[in-house]
Amino acid sequence: VRERVSIRLVLDTLDYVLRGGRISRLEAKVGALLSIKPMLAIQDGVISHAGRTRSRRRSLEQLLKAVTDACVSFDGKGFVVALGHACALEEMKEFMSQLLAKLPRTLV
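This is the structure in structure tokens:
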């Protein structure tokens, strides 16, 4: 099961990445000025960089593509997608409807 579980997330702000010491103040300031939204992947307990975009809308599009690609790789078998959010319920509902439109056999 472990190799079939994958976590993807998009950060709306770089504040906590800065606080955790993962980036410098300069990188955080430049990232904020450019509206950089990094996407992270967690696989086998290891966090890795999975891309970045320059707007919230584009970051959610990139996340939708990553989830869709991961689901399609299971050769049409049924799959379960768990969604979570941090104070972004409406965005999550919109994301869920887009996901179900692309992959109607998905259990969300």
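Numbering (the numbering used here), first residue to last: 43 to 150. Ideal Cβ placement from N, Cα and C applies to all residues, glycine included.
The beta strand (DSSP E) with residue i in it runs from where to where?
| i | result |
| --- | --- |
| R50 | 49-52 |
| E94 | Per the sequence shown, the amino acid found at residue 94 is Arg instead of Glu. Run containing R94: 88-95, per the beta strand (DSSP E) assignment. |
Should residue i and residue j be called a contact, given that it needs their Cβ atoms to be closer than 9 angstroms?
| i | j | result |
| --- | --- | --- |
| A108 | A128 | no |
| L76 | R46 | no |
| M151 | G126 | Since the first residue of the chain shown is 43 and the last is 150, residue 151 is not available in this structure. |
| V52 | S101 | yes |
| F121 | L142 | no |
| T110 | L145 | yes |
Starting from residue i, trace the alpha helix (DSSP H) in both directions and tell me its first and last residue.
| i | result |
| --- | --- |
| A143 | 131-144 |
| L60 | 57-61 |
Helix, strand or coil for residue i? Go by DSSP, reduced to three states.
| i | result |
| --- | --- |
| V122 | strand |
| L105 | helix |
| P68 | Per the sequence presented here, residue 68 reads as Leu, with Pro not at that position. Of the three classes helix, strand and coil, the one that applies to L68 here is helix, per DSSP. |
| A83 | strand |
| L149 | strand |
| A112 | helix |
| A74 | helix |
Using only alpha-carbon positions, find the residue among the options that is nearest to residue i.
| i | options | result |
| --- | --- | --- |
| Y58 | A112, K79, R44, L106 | K79 |
| D86 | L149, I49, T148 | I49 |
| R99 | E136, S90, L82 | E136 |
| R147 | L131, A130, V123 | V123 |
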